[in-house]
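These notes are about the structure you will find just below.
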Amino acid sequence: MSHAATIARTAALYERVRPVIPPMEWGAFAGDIEAILDLKAERNAVILAHNYQTPEIFHCIADITGDSLALARRAMEVDADVIVLAGVQFMAETAKLMNPEKTVLIPDLRAGCSLAASITPEDVRLMRARYPDAPVVAYVNTSAAVKAESDICCTSGNARKIVESLGARRVIMLPDEYLAKNVAAETGVEIIAWAGHCEVHERFTAAEIRALRAAHPGVVVLAHPECPPEVVAEADYAGSTAGMASYVERNRPARVVLITECSMSDNVAVQYPGLDFIRPCNLCPHMKRITLKKIRGALETMTHEVTIDPAIAAPARRAVERMLAVK
Ligand code: 13P
Ligand code: SF4
């Protein structure tokens with residue numbers, strides 16, 4: 299099949315991302331996109347993509363997109379034999395926990411997360427021993443083994459609701475110190491935090507936000523709650539990646555900045571060509587390990603398959619299910 303024919307066949311898909319991908323670059327993506335669409339049909343596979351995936355993945359080949367909470371929820375609705383997780387390891391593990399009978403693939407095993415890497419199951423047991431009256435809330439950005447040691451999971455989209463649902467005087471919330479502090483500022487529940495940080499969001503500073511406001515008068519600042527509290531304090535709104543996207547949808551701010559990972563702005567910006575997106579952002583090196591070529595390779599070779607020890611999977615699944623049951 300000629301390259302020109304591939305470009306012609308993918309022309310409608312290109313229209314979805316035209317504002318953020320120059321025509322010259324599309325030539326490098328079109329062949330892999332066509333191959334992935336064929337492989338998805340052949341393997342009866344679906345692709346789940348996090349909001350931080352690049353636009354050619356997010357808008358052109360993904361079947362289900364969203365924040366960590368949406369991906370965990372919607373993973374349960376999947377009616378396919380194979381799930382390819384375009385995101386990081388903990389997301390693929392969560393999809394596997396919710397779909398033990400399906401094949402779950404992650405295109406690059408090195409797609410980790412600084413938060414998930416900051417804590418071990420042993421650390422959780424030590425925290426429990428030190429604060430025996432405090433239930434453990436594990437951020438979904440943790441390994442299945444850490445979830446298995448926890449009472450309930452949370453995401454940035456439901457953290458406060460989960461903490462308050464427990465009816466406890468104090469809770470252990472791990473591993474993100476900043477998310478824990480940001481939730482503590484909104485609730486009367488005492489929060490005992492762990493000192494993990496997201497390597498992407500910890501780099502933003504309050505001075506940077508103030509400089510942005512000075513350089514771009516009227517800009518609306520939306521920040522992810524993994525940012526340090528002093529950054530969140532400078533923002534107009536703090537919320538999960540899905541929360542930021544729906545803020546833009548609801549309010550249509552003429553000029554806006556998303557204090558988060560870079561692809562998030564690209565993915566939202568293509569949907570609102572009239573809005574001015576200011577782009578200081580930080581790249582997540584883990585999310586960026588996932589590429590079209592690796593997704594194609596994953597479907598061709600059926601690698602890398604996510605497996606979880608059943609002794610860990612059962613309690614870890616319980617912690618995720620408890621979270622999903624909180625309305
Ligand atoms: P969300 O749940 O808000 O999508 O965040 C996931 C994540 O990894 C943010 O850094
Ligand atoms: Fe982890 Fe931060 Fe990357 Fe999200 S952005 S996957 S929290 S390192």
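Under my numbering, the first residue of the sequence shown carries the number 299, and numbering increases by one thereafter. From the three backbone atoms N, C-alpha and C, an ideal C-beta is built for every residue, glycine too.
1) Please work out which residues of its chain come closer than 6 angstroms, Cβ to Cβ, to Val530, disregarding the five sequence neighbours upstream and downstream, and give them in chain order.
2) What residues sit near the ligand 13P, counting only those whose C-beta is closer than 5 angstroms to one of its heavy atoms, in chain order?
3) Cβ of Glu500 versus every heavy atom of the ligand SF4: is any distance shorter than 6 angstroms?
4) Residue range of the alpha helix (DSSP H) that Ala309 falls in?
5) Can you tell me which of Asn397, Cys411, Asn439 and Val469 puts its alpha carbon nearest to the alpha carbon of Met425?
6) Let me check understanding here. Comparing Cα to Cα, which of Glu532, Ile404 and Ala373 lies closest to Asn397?
7) When the Cα atoms are used, what is the spatial distance from Pro523 to Leu311?
8) What residues in its chain sit with their C-beta under 7 angstroms from that of His584, if we drop five residues either side in the sequence?
9) Which class does Ala347 belong to by DSSP, given the choice of helix, strand or coil?
10) Quick check: is any heavy atom of the ligand SF4 less than 6 angstroms from the C-beta of Val386?
11) Can you check the stretch 476-560 for any beta strand (DSSP E) of at least 3 residues that lies completely inside it and give the ranges in chain order?
12) Return the CA-CA distance between Val554 and Val517, expressed in angstroms with no decimal places.
13) Is Thr440 helix, strand or coil when you go by DSSP?
14) Leaving aside the five residues before and after Val402 along the sequence, list all residues of the same chain whose C-beta is less than 6 angstroms from its C-beta, in chain order.
15) If you reduce the DSSP assignment to three classes, tell me which class Asp336 lands in.
16) Assess, as a yes-or-no matter, whether the stretch 550-566 is touched by the stretch 496-515 under the definition of 3 or more beta carbon pairs within less than 8 angstroms.
17) Would you decide whether Ser300 is buried or exposed? Buried here means 16 or more other CB atoms lie within 10 Å of its CB.
18) Is it buried or exposed for Ser563, if we count other Cβ within 10 angstroms and need 16 for buried?
19) Beta carbon of Asn565: closer than 6 angstroms to some heavy atom of the ligand SF4?
20) I think Ile593 touches Ile319, with their Cβ atoms under 8 angstroms apart; what is that distance to the nearest whole Å?
21) Could you tell me whether the stretch 604-620 touches the stretch 437-450, using the rule of 3 or more Cβ pairs below 8 angstroms?
22) Whole angstroms is fine: what's the gap from Arg577's alpha carbon to Ala567's?
A quick look at the data gives this:
1) Asn480, Ala521 and Ala536
2) Asp365, Ser366, Thr453, Ser454, Ser538 and Thr539
3) no
4) Ala309 to Val315
5) Val469
6) Ala373
7) 33 angstroms
8) Val386, Ala409, Gly410 and Cys411
9) strand
10) yes
11) 488-491, 518-521 and 553-557
12) 5 angstroms
13) coil
14) Ile381, Ala390, Ala393, Lys394 and Val604
15) helix
16) yes
17) exposed
18) buried
19) no
20) With 8 angstroms as the limit, Ile593 and Ile319 do not qualify as a contact, their Cβ atoms being about 16 angstroms apart.
21) yes
22) 10 angstroms
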